[in-house]
Amino acid sequence: MIRATLGIALALAIVPAVATAEGIEFHTDLPGEQSPASFEAKPQPHVLGIKYLYINRCAGGCVITKGTDDARTHSTAAPDDPGGTKYNLSEFAHGDESWNEVMQCLREVYSPYDIIVTDQPPPAGVPYNEGIAAGTQRELNLSGLLGYAYNNQDCSPRSYALSFTFANEFSPQSINGMCRVVAQETAHSFGLTHSFEFTDGRSACNDPMSYRTDCGGRRFFRNDFARCGEYEAASCGGCGGLQNTHQKLLNILGPGTPLTAKPDVTLTSPQNGATVVNGSFVGAQAFSERGIFAIELWLNGYKWNTVKGASWGSNGQAIATYQVQLPADVPDGVIDIVVKAKDDIELTTETPVITVTKGSPCASADTCAAGQRCEAGKCFWDAPVGEVGDVCTFEQFCKTGVCTAVDSGEQRCSVGCVQGIADSCPMGFTCLETADVGGGLCWPSDDIDTGCGCSSGGELPVTSLFGLGLVALLFRRRRR
Numbered sequence: 000m001i002r003a004t005l006g007i008a009l010a011l012a013i014v015p016a017v018a019t020a021e022g023i024e025f026h027t028d029l030p031g032e033q034s035p036a037s038f039e040a041k042p043q044p045h046v047l048g049i050k051y052l053y054i055n056r057c058a059g060g061c062v063i064t065k066g067t068d069d070a071r072t073h074s075t076a077a078p079d080d081p082g083g084t085k086y087n088l089s090e091f092a093h094g095d096e097s098w099n100e101v102m103q104c105l106r107e108v109y110s111p112y113d114i115i116v117t118d119q120p121p122p123a124g125v126p127y128n129e130g131i132a133a134g135t136q137r138e139l140n141l142s143g144l145l146g147y148a149y150n151n152q153d154c155s156p157r158s159y160a161l162s163f164t165f166a167n168e169f170s171p172q173s174i175n176g177m178c179r180v181v182a183q184e185t186a187h188s189f190g191l192t193h194s195f196e197f198t199d200g201r202s203a204c205n206d207p208m209s210y211r212t213d214c215g216g217r218r219f220f221r222n223d224f225a226r227c228g229e230y231e232a233a234s235c236g237g238c239g240g241l242q243n244t245h246q247k248l249l250n251i252l253g254p255g256t257p258l259t260a261k262p263d264v265t266l267t268s269p270q271n272g273a274t275v276v277n278g279s280f281v282g283a284q285a286f287s288e289r290g291i292f293a294i295e296l297w298l299n300g301y302k303w304n305t306v307k308g309a310s311w312g313s314n315g316q317a318i319a320t321y322q323v324q325l326p327a328d329v330p331d332g333v334i335d336i337v338v339k340a341k342d343d344i345e346l347t348t349e350t351p352v353i354t355v356t357k358g359s360p361c362a363s364a365d366t367c368a369a370g371q372r373c374e375a376g377k378c379f380w381d382a383p384v385g386e387v388g389d390v391c392t393f394e395q396f397c398k399t400g401v402c403t404a405v406d407s408g409e410q411r412c413s414v415g416c417v418q419g420i421a422d423s424c425p426m427g428f429t430c431l432e433t434a435d436v437g438g439g440l441c442w443p444s445d446d447i448d449t450g451c452g453c454s455s456g457g458e459l460p461v462t463s464l465f466g467l468g469l470v471a472l473l474f475r476r477r478r479r
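Residue numbers (numbering that gives the first Met the number 0): 0 to 479.
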């Protein structure tokens, strides 16, 4: 069965309107609510290798037929009318300038994935999905919506799917509004459901799959695990325990080339040659088109501290100043400081190196942290070589930065995981929930009692690790 997702609604009698700064009101069909979402449509099988997302402005108008949902025949099952009923959808009403801005926004939003976003019909015989961005809801004999799409209940992807964004309900200036609705409706066809909040409690309002309006700006599919739901956190149902919209599109479509720029970051303090002490702060100013996900403090080639990106406001995430504190256990010595700014898909910019001094330069490794060497007055670790599962004595040996033990046993390199998420651990490892940590640990399956009830994962794509990074921080321990 395929269910329709009424991506954006204008008014449902039992739900109060929530208006954004752009005058858009977001709603969805509620469980049990009788709406066009209750109609069934014959599923179209997903065609592997789909490379075209056709955004149709309906130049001269589009004729839509009530029937099986299919982009090739411009038929849809949504309206509550007899099969074969014809509807005339008016063309995009806001002119070429607005259309080109919407298309550029969509190309940026989908650019991390291997798919061509085009407003020209795909070549004959090439599988595609289509998003109509034109007309009004009433022209399709619907009410209370700004868009809708069908998606499989198990959140599997579809091809030749047809989605609708009623663009003529928007103002010509509402570029981000039109873009995010088209992005949401077309992404339903690839198996994405609605996101409500990320696992640390932050609002998912910066992801197009969210109905939340507590922040603004351009929305992107986020490389972060989120709880599902429209107006409250809910189970993702057949879609899994949590949803990472970026990772899912990456797995389905393959990697593309992001059009968004890398972050801008400037180190503001301390000055080169300064003296620092325990508790000193390193200041940096940063901004990113996708938003700053994390600011990292690197000292002598090792990441010593991280702060999250600034909160999102009505216009998105503004340029912000960040203060990152030197941990108290940073050894004395000469220190090279680098600040790295990352967005959520790990596009990274780093500042030029400055050199400061804390206390006296080291004379030997005796005054350095466990596993460090001392050269030229600097305490530092060699580049990490430990793979997940390798025996370790300090975390800097591990490529993941996690060295921990289970049940007071031998310490091993590990990585964070989320139980209930397929492929959350490398092959041969189990996502183990630990009583003293929270979150999960990937642990060698043959070292775990199979009666623990843990979930096994398959091979973990490298791109998943960044999204799991904050989970890993939950159980990171320093080994001195």
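Beta carbons: idealized from backbone N, C-alpha and C, even for Gly.
Roughly how many angstroms lie between the CA atoms of residue i and residue j, to the nearest whole one?
{"i": "residue 367", "j": "residue 361", "result": "7 Å"}
{"i": "residue 49", "j": "residue 129", "result": "12 Å"}
{"i": "residue 228", "j": "residue 240", "result": "12 Å"}
{"i": "residue 164", "j": "residue 69", "result": "16 Å"}
{"i": "residue 98", "j": "residue 137", "result": "22 Å"}
{"i": "residue 171", "j": "residue 93", "result": "5 Å"}
{"i": "residue 398", "j": "residue 370", "result": "14 Å"}
{"i": "residue 294", "j": "residue 303", "result": "11 Å"}
{"i": "residue 453", "j": "residue 430", "result": "Caution applies to residue 453, whose pLDDT of 31 falls short of 50 and renders its modelled position unreliable; the value that the coordinates give is listed next. Roughly 6 Å between the two C-alpha positions."}
{"i": "residue 104", "j": "residue 308", "result": "22 Å"}
{"i": "residue 246", "j": "residue 78", "result": "33 Å"}
{"i": "residue 158", "j": "residue 244", "result": "18 Å"}
{"i": "residue 333", "j": "residue 301", "result": "14 Å"}
{"i": "residue 329", "j": "residue 251", "result": "43 Å"}
{"i": "residue 216", "j": "residue 109", "result": "16 Å"}
{"i": "residue 147", "j": "residue 390", "result": "51 Å"}
{"i": "residue 152", "j": "residue 284", "result": "44 Å"}
Residue i lies in the beta strand (DSSP E); which residues open and close that run?
{"i": "residue 61", "result": "61–65"}
{"i": "residue 146", "result": "146–151"}
{"i": "residue 292", "result": "Residue 292 -> no beta strand (DSSP E), and no H or E assigned at all."}
{"i": "residue 211", "result": "Unbroken run through residue 211: none, as it is neither H nor E."}
{"i": "residue 50", "result": "That residue, residue 50, is in no beta strand (DSSP E); it is neither H nor E in DSSP."}
{"i": "residue 160", "result": "Counting along the chain, residue 160 falls outside any beta strand (DSSP E), and DSSP gives it neither H nor E."}
{"i": "residue 230", "result": "No beta strand (DSSP E) holds residue 230; DSSP gives it neither H nor E."}
{"i": "residue 197", "result": "194–197"}
{"i": "residue 311", "result": "Segment: none, residue 311 is in no beta strand (DSSP E) and carries neither H nor E."}
{"i": "residue 222", "result": "Taken as a continuous stretch (DSSP letters only), residue 222 belongs to no beta strand (DSSP E), as it is neither H nor E."}
{"i": "residue 87", "result": "85–88"}
{"i": "residue 72", "result": "Note, residue 72: premise wrong, no beta strand (DSSP E); not H, not E."}
{"i": "residue 115", "result": "115–117"}
{"i": "residue 125", "result": "Premise fails: residue 125 is in no beta strand (DSSP E) and is neither H nor E."}
Where does residue i fall in DSSP's three states?
{"i": "residue 109", "result": "helix"}
{"i": "residue 181", "result": "helix"}
{"i": "residue 431", "result": "strand"}
{"i": "residue 247", "result": "helix"}
{"i": "residue 103", "result": "helix"}
{"i": "residue 98", "result": "helix"}
{"i": "residue 172", "result": "coil"}
{"i": "residue 137", "result": "helix"}
{"i": "residue 444", "result": "helix"}
{"i": "residue 167", "result": "helix"}
{"i": "residue 319", "result": "strand"}
{"i": "residue 132", "result": "strand"}
{"i": "residue 203", "result": "coil"}
{"i": "residue 340", "result": "strand"}
Out of the options, point me to the one whose CA is closest to residue i's CA.
{"i": "residue 200", "options": "225, 150, 183", "result": "225"}
{"i": "residue 346", "options": "258, 131, 85", "result": "258"}
{"i": "residue 325", "options": "308, 146, 298, 348", "result": "298"}
{"i": "residue 415", "options": "388, 408, 406, 270", "result": "388"}
{"i": "residue 317", "options": "286, 328, 343", "result": "286"}
{"i": "residue 162", "options": "155, 152, 180", "result": "180"}
{"i": "residue 378", "options": "395, 391, 390, 406", "result": "395"}
{"i": "residue 211", "options": "271, 312, 236, 424", "result": "312"}
{"i": "residue 155", "options": "424, 184, 188", "result": "188"}
{"i": "residue 335", "options": "284, 364, 270", "result": "270"}
{"i": "residue 262", "options": "348, 213, 81", "result": "348"}
{"i": "residue 100", "options": "123, 175, 111, 139", "result": "175"}
{"i": "residue 95", "options": "443, 365, 118", "result": "118"}
{"i": "residue 266", "options": "306, 338, 319", "result": "338"}
{"i": "residue 208", "options": "321, 274, 116, 186", "result": "186"}
- [ ] Report the residue ranges of all beta strand (DSSP E) runs contained in full by the segment 342–425; include only those spanning at least 3 residues, in chain order.
- [x] 347–349, 353–357, 372–374, 377–379
Open item on the list: Please give me, in chain order, every unbroken run of the alpha helix (DSSP H) with length at least 4 that falls completely inside the segment 234–290.
Closed with: 244–252
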